[in-house]
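J.:
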Amino acid sequence: MMESDIDHSDLKKERKGNIQILMLTYGMVLLFMGLIGCFTYFMAVQSQKIINNPYNKRQEVLAKKVQRGKILSADGKVLAKTVTDDEGNDIRIYPYDKVFCHVVGRIQNSMTGIEKTQCYPLLTSHSNPLKQLTNTFRGEKNKGDTVVTTLDTGLQKTAYNALGNYRGAVIALEPSTGKILTMVSKPSYDPNSVKKNWKRLIQDSEEESALVNRATQGVYPPGSTFKLMTAMEYMMENPEDYQDFHYQCKGSDSFSGNVINCYEKEKHGRVSLKSALAKSCNGAFSKIGTMLSVDSFRDLTEKFFFNRSLGVDFEYNKSRFSLTEDSDMGELTQTFIGQGKTMITPLENALIAATVANQGVMMEPYVVDYLENDANKTVTAHQPKEKGRIIEEWVAEKMTKLMKAVVTDGTAASLRSLPYSVAGKTGSAEFDSEGTSHAWFVGFAPAENPEIAVSIVVEGVGTGSQYAVPIARKLFDEYLRD
Amino acid sequence: MDKKEAAQRLVDMFGDMNVIGVVHSILVESSKYIIILLFAIYTWHCFSVFIGKNPEKKEKIYKRQNKIMYTIHFICSLVLFLNSLDVKMILFYLAQLIFLVFVNKAYIYVYRNASKIVLNNMLMLLMIGFVMIGRLKQDNMVKQLVFALGICIAGLFIPFLIERFAYFDRFGKVYVLAGIVMLALVFVIGKSVYGARNWIIIGSFAMQPSEFVKIIYVFFVAAMLAESTEFLDVVKVAGLAGIHILILVLEKDLGAALIFYITFLAILYVASQKAVYLGLGLGAGALAAVVAYQLFTHVQTRVIAWKDPWGTIDTAGYQIAQSLFAIGTGGWFGMGLGEGLPSNIPVAESDFIFSAISEELGAFFAICLILVEVSCFVMFVNIALKMKRRFYKLTALGLAIEYIFQVFLTIGGVTRFIPSTGVTLPLVSYGGSSVISTIILFCIIQGMYVLNCREEEKLESRPKKQKAER
């Protein structure tokens, strides 16, 4: 290169460095190609999901051009729609009043539920472009897309009525897909008049927390329903000889000075793993707990998404599991029978039942099935997604058998007479020193070929057998009737 | 007044003629598609002009580009007027129109032989800026127009200056001193704006010295490296450039520091023709970036906001999230001028104007805008390639890199391609210092090119050589 300096040809001197300039230019053009590529990818793939965020305040701008779409149940009933009144104002109407209030949500006084998560899809129109154009020129609004949910109106009404005036929550899933069939939380409120009643709802003088969706956001002690986890862990740690487990129940037992009583100090006598679960023997499960590896059990709960984000398209709270190797014996024995510091949502409990029902594979729960335009043409459909294999198939199969025994010979015996077999587990979770308890039931049916998994919690009433199992029966009857 | 009210008022004014209302909405609604189509044709011509050598055909293309610019300007102004029925809008339109026509005519006259694509693009970008700033903050648009007019008039003298002071390359040391003093002045009488201490405010007059130092900085690097690229000289220049950059880093003006650094490397690479310098420089730059990330919390904040704007939406991620909402909600065709919510993006009229444009005029328009900026750069490079004097060549190249890298930083930042560094989009963003320094930058490149052509004609050493392309 230095030699060329001696060459005094003008042309050469003039061109000195031009190759480098071209290289730099190519480099810059490459950078911009990357930039445009990334921008295009954002627009085509990511933007729809990203703009659907409560921090994006453009709903009102979009709402001037698009009439918010409808929300439908899986069986085609209207759960929410927008009508225009005589003065040209859009009004959102919820024909089922309180029944779907938490899951469908509201748009007034801060958005919630499907109204919130699907806000932008509802305000986006995929109707015929020609129709859109004529609408625009006429100054008329385009019709926003319709959100079709996985919810079953019959089941939802059944659950809503079955809970009656109790506080609590009911959630039902289809184990093979993760479709949420019903989601009820009580007390509820009427989304049609939420603006009018807002002050009362917010003041909440009765401490009802009617605005909270207990099904996904309520965290409760799991009570005996948590013994399902303990039993699974025991089987996995002792795959060869778990069937040999036995325990002599005297109604009460002491573990390093920590006394564990069975319900009403009932003496269950000699129990195996199966009969201990069926009869919900606290002594037996505390004993099992002392034999388990806490770390391994913790891993199992976290595989079931305790302490972890579920990544679902609706609001929820994480379930919490906090036992460590350092925890003392009192907490340890309490935790393995479902008391202690463990907190669970009805949703999480439903997922545990559904995972067992689906041979150990957890499906991601979802409530929005697909979006369609005003001509009923599907725009985008949700495909069922696996959350992963949580437990091995043999464990799930064995658990199903144990849970069937809960119905045939145990605490959920009132489900025995149904025309199909049910697998489940009751729970009575104590939450204060006075001994009042939340009634739980989780389970699925038919046990051989599960179509529905349920999770029911009734706050502060008593035992699961007495208060939660009858609700499960109504749900199974409604859903499996024909 | 919003669009609906405006339409209603038109109907009231013309009696019970619904036709008016319909015509109004047709105009407003169809305008966005027409604007995108016109701008796409314009952009295509920015590149199609390289195909073929027929000067008449090229002249035609330049004329067509001009017509398109005036048409887009008219449509945008009409929409803004119809949406508000504000007579002030007509005055603004006329003032902008006079500016565009005046600059166009005057520059064609003064900058004979200069690249017309560059001139067209300069006016196009300024026009888009006027429309968008006017839609966001009318007062700022007026200021921007005044600044642009002032500097465009001053720019008419740049070719004379360049010709008079043909020994521009002898003042390397003066440039260094002036640059460092101006930058350091910020520490004495500076003020922090949006976390960066890079403003000088005297009375009601505020300026960003780094915008002006940017230009003499290129002079300094080009002058010194044109003289010698011996290793020791390179070290000396690197040291002096390093002082500039260090001051900028201390002022927390990261965008400018990056631009200065890349520009130095580019000039060094071309002057020395040694890829080693570029490789080493980029490596050292990456290392410095890591160190800066460890040392400075404001660097960490930017990176965190870029990595996870959703998790930090209440704090660091707010700006970038709002920018993405605007772009995403606007979609490919935009919400229509005046129909979006760009005021939700912080500093929409300056650093984030690209997002506001994309929201209201659409992603297609925004991509065309990027391509127009790239076409400016390609023309600058084309000029640099043709320069004979080494100093001119290096200066043109340095300014070109400075310009395009700033475009990259701002658009990359607001679209989340790279962490945001808070720099303006040249000519489009609101900002006196920015618009003044960019127009000077355009004028210098064009002026040097004019001079280069004139010298070439004088020398007539190679009569067969094609006349330089306009």
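Residue numbers (our numbering), protein chains in the order written: chain F, 211 to 692; chain L, -13 to 456.
Here a beta-carbon is modelled for each residue, glycine too, at the ideal position from N, C-alpha and C.
Everything numeric in this text was worked out from a predicted model, so none of it was measured.
Skipping 5 residues on each side, what residues in its chain have a beta carbon closer than 7 Å to that of F/VAL394?
T.: Position 184 of the first sequence, counted from the first residue, corresponds to residue 394 of chain F. Correct list, in chain order: GLN366, ALA369, TYR370, LEU373, ALA379, VAL380 and ALA425.
J.: Can you find a C-beta in chain L that's less than 8 Å from the C-beta of F/CYS329?
T.: One-based indexing of the first sequence puts residue 329 of chain F at position 119. Chain L contact via Cβ: absent.
J.: Compare the C-beta of F/GLN230 with all C-beta atoms of chain L and state if any pair is closer than 8 Å.
T.: Position 20 of the first sequence, counted from the start, is the residue given in the question as residue 230 of chain F. Chain L, which has a Cβ nearer than 8 Å to the Cβ of F/GLN230, makes this yes.
J.: Any Cβ of chain F within less than 8 Å of the Cβ of L/ASN330?
T.: As a position in the second sequence, residue 330 of chain L is number 344, starting the count at 1. Closer than 8 Å: yes.
J.: If you follow the beta strand (DSSP E) that F/GLN458 is in, where does it begin and where does it stop?
T.: For the purposes of this step, residue 458 of chain F is taken as the residue at position 248 of the first sequence. 457 to 459 is the span of the beta strand (DSSP E), which, as asked, contains F/GLN458.
J.: Which residues, in chain order, does the segment 268 to 290 of chain F contribute to contact with chain L at a C-beta distance below 9 Å?
T.: Listed by position, the residues of the segment 268 to 290 of chain F near chain L (Cβ gap below 9 Å) are ARG268, GLU270, VAL271, LEU272, LYS274 and LYS275.
J.: Let me know the secondary structure DSSP gives F/GLU582 once reduced to three states.
T.: Stepping through the first sequence from its first residue, residue 582 of chain F is reached at position 372. Residue state, collapsed to three classes: strand.
J.: On the DSSP letters alone, give me the boundaries of the alpha helix (DSSP H) that L/MET373 sits inside.
T.: As a first step, residue 373 of chain L must be located in the second sequence, where it is residue number 387. Careful: L/MET373 lies outside any alpha helix (DSSP H) and carries neither H nor E.
J.: So, are the CB atoms of F/LEU361 and F/VAL577 less than 8 Å apart?
T.: Within the first sequence, the letter at position 151 stands for residue 361 of chain F. Within the first sequence, the letter at position 367 stands for residue 577 of chain F. Against a cut-off of 8 Å, the Cβ pair of F/VAL577 and F/LEU361 comes out as a contact.
J.: In whole angstroms, what separates the C-alpha of L/PRO41 from that of L/TYR378?
T.: One-based indexing of the second sequence puts residue 41 of chain L at position 55. One-based indexing of the second sequence puts residue 378 of chain L at position 392. The alpha-carbon atoms of L/PRO41 and L/TYR378 are separated by roughly 26 Å.
J.: Roughly how many angstroms separate the alpha carbons of L/LYS499 and L/GLY115, rounded to a whole number?
T.: Limits of chain L in this structure are -13 at one end and 456 at the other, which puts residue 499 of chain L out of reach.
J.: For F/ASP300, which three-state DSSP category applies?
T.: Taking the first sequence and counting its residues from 1, one reaches residue 300 of chain F at position 90. Strand.
J.: Would you say F/ASN263 faces chain L, with C-beta separation under 8 Å as the test?
T.: Counting from one through the first sequence, the residue named residue 263 of chain F turns up at place 53. Yes, because at least one Cβ of chain L sits closer than 8 Å to the Cβ of F/ASN263.
J.: I want to see whether chain F comes within less than 8 Å of L/SER11, judged by CB atoms only; does it?
T.: In the second sequence, counting from the first residue as 1, residue 11 of chain L sits at position 25. For L/SER11, the answer is yes, since a Cβ of chain F falls inside 8 Å of its Cβ.
J.: Whole alpha helix (DSSP H) runs in the segment 331 to 393 of chain L with 4 or more residues, listed along the chain?
T.: Counting only runs of 4 or more, we get 339 to 347 and 349 to 372.
J.: At least one CB of chain L closer than 8 Å to the CB of F/ASN266: is that the case?
T.: The residue you call residue 266 of chain F lines up with position 56 of the first sequence. Yes, F/ASN266 lies at the interface with chain L (some Cβ there is under 8 Å from its Cβ).
J.: Would you tell me roughly how many angstroms separate the C-alpha atoms of L/VAL96 and L/LEU323, rounded to the nearest one?
T.: For the purposes of this step, residue 96 of chain L is identified with residue 110 of the second sequence, where counting begins at 1. For the purposes of this step, residue 323 of chain L is identified with residue 337 of the second sequence, where counting begins at 1. So the two alpha carbons sit approximately 35 Å from each other.
J.: Between L/ALA208 and chain C, is there a C-beta pair that is closer than 8 Å?
T.: Absent from the structure is chain C; the protein chains it does hold are F and L.
J.: Excluding the 5 residues flanking F/GLN190 on each side, which residues of the same chain have their C-beta closer than 7 Å to its C-beta?
T.: Nothing about residue 190 of chain F can be reported from this structure: the residues present for chain F run from 211 to 692 only.
J.: Would a C-beta distance cut-off of 8 Å place F/TYR399 and F/CYS311 closer than the cut-off?
T.: Here residue 399 of chain F refers to the residue found at position 189 of the first sequence. Here residue 311 of chain F refers to the residue found at position 101 of the first sequence. A contact, by the Cβ cut-off of 8 Å.
J.: Sort F/PRO385, F/VAL314, F/TYR265 and F/ALA639 by Cα distance to F/GLY674 and report the nearest one.
T.: Here residue 674 of chain F is taken as the residue at index 464 of the first sequence, counted from 1. If we check each option's Cα against that of F/GLY674, F/ALA639 comes out closest.
J.: Could you tell me whether the Cβ atoms of F/LYS275 and F/LYS351 are closer together than 8 Å?
T.: As a working note, residue 275 of chain F is residue 65 in the first sequence. As a working note, residue 351 of chain F is residue 141 in the first sequence. Yes, the pair counts as a contact, with Cβ atoms nearer than the cut-off.
J.: When the Cα of F/LYS475 is compared with those of F/GLN544, F/GLY499, F/GLU582 and F/GLY461, which residue comes out closest?
T.: Start at 1 with the first residue of the first sequence, and residue 475 of chain F comes out as number 265. Among F/GLN544, F/GLY499, F/GLU582 and F/GLY461, the Cα nearest to that of F/LYS475 is on F/GLY461.
J.: Scan the segment 234 to 260 of chain F for residues whose Cβ lies nearer than 8 Å to a Cβ of chain L and list them as they occur along the chain.
T.: Answer in chain order: LEU234, THR235, MET238, VAL239, LEU241, PHE242, GLY244, LEU245, ILE246, CYS248, PHE249, THR250, PHE252, MET253, GLN256, SER257, GLN258 and ILE260.
J.: Measuring only between beta-carbons, confirm whether F/TYR689 sits less than 8 Å from chain L.
T.: As a working note, residue 689 of chain F is residue 479 in the first sequence. By this cut-off, F/TYR689 is not an interface position.
J.: Starting from F/PHE347, find everything on chain L with Cβ-Cβ shorter than 7 Å and list it in chain order.
T.: The residue labelled residue 347 of chain F in the question sits at position 137 within the first sequence. Residues of chain L passing the Cβ test: VAL8, SER11, ILE12 and GLU15.
J.: Quick one: is F/TYR689 buried, meaning 16 or more other Cβ sit within 10 Å of its Cβ, or exposed?
T.: Translated into the one-based positions of the first sequence, residue 689 of chain F becomes position 479. F/TYR689 comes out buried.
J.: Would you kindly work out how many angstroms separate the C-alpha atoms of L/GLY271 and L/SER415, rounded to a whole number?
T.: The sequence position of residue 271 of chain L within the second sequence is 285, counting from 1. The sequence position of residue 415 of chain L within the second sequence is 429, counting from 1. Each residue's alpha carbon lies about 28 Å from the other.
J.: Verify the CB distance criterion: does F/GLY227 have a CB-CB separation below 8 Å to chain L?
T.: As a first step, residue 227 of chain F must be located in the first sequence, where it is residue number 17. Closer than 8 Å: yes.
J.: How is L/ARG50 classed by DSSP in three states: helix, strand or coil?
T.: Position 64 of the second sequence holds residue 50 of chain L. In the structure shown, L/ARG50 sits in a helix (DSSP, three-state: H, G or I).
J.: Check whether the segment 416 to 432 of chain L and the segment 253 to 273 of chain L touch, using three or more Cβ-Cβ pairs below 8 Å as the test.
T.: Touching, no.
J.: Is it buried or exposed, L/ASP239, if we count other Cβ atoms within 10 angstroms and call 16 or more buried?
T.: Indexing the second sequence from 1 puts residue 239 of chain L at position 253. L/ASP239 is buried by the Cβ-count criterion.
J.: Considering only residues of the same chain and omitting the five flanking positions on each side of L/TYR263, which have a CB-CB separation below 8 Å?
T.: On the second sequence, position 277 is the one that residue 263 of chain L refers to. Closer than 8 Å at Cβ, skipping near neighbours: VAL220, LEU251, LEU254 and TYR255.
J.: When you compare only the Cα positions, how much space is there between F/ASN407 and L/ILE61?
T.: Position 197 of the first sequence holds residue 407 of chain F. Position 75 of the second sequence holds residue 61 of chain L. Whole-angstrom Cα-Cα distance: 48 Å.
J.: Are the segment 325 to 332 of chain L and the segment 299 to 309 of chain L touching, with three or more C-beta to C-beta distances below 8 Å?
T.: Yes, the segment 325 to 332 of chain L is in contact with the segment 299 to 309 of chain L.
J.: What residues from chain F crowd round L/THR315, counting only those whose CB sits closer than 9 Å?
T.: Translated into the one-based positions of the second sequence, residue 315 of chain L becomes position 329. By Cβ distance, chain F contributes SER257, ILE261, ASN266, ARG268, VAL271, LEU272 and TYR330.
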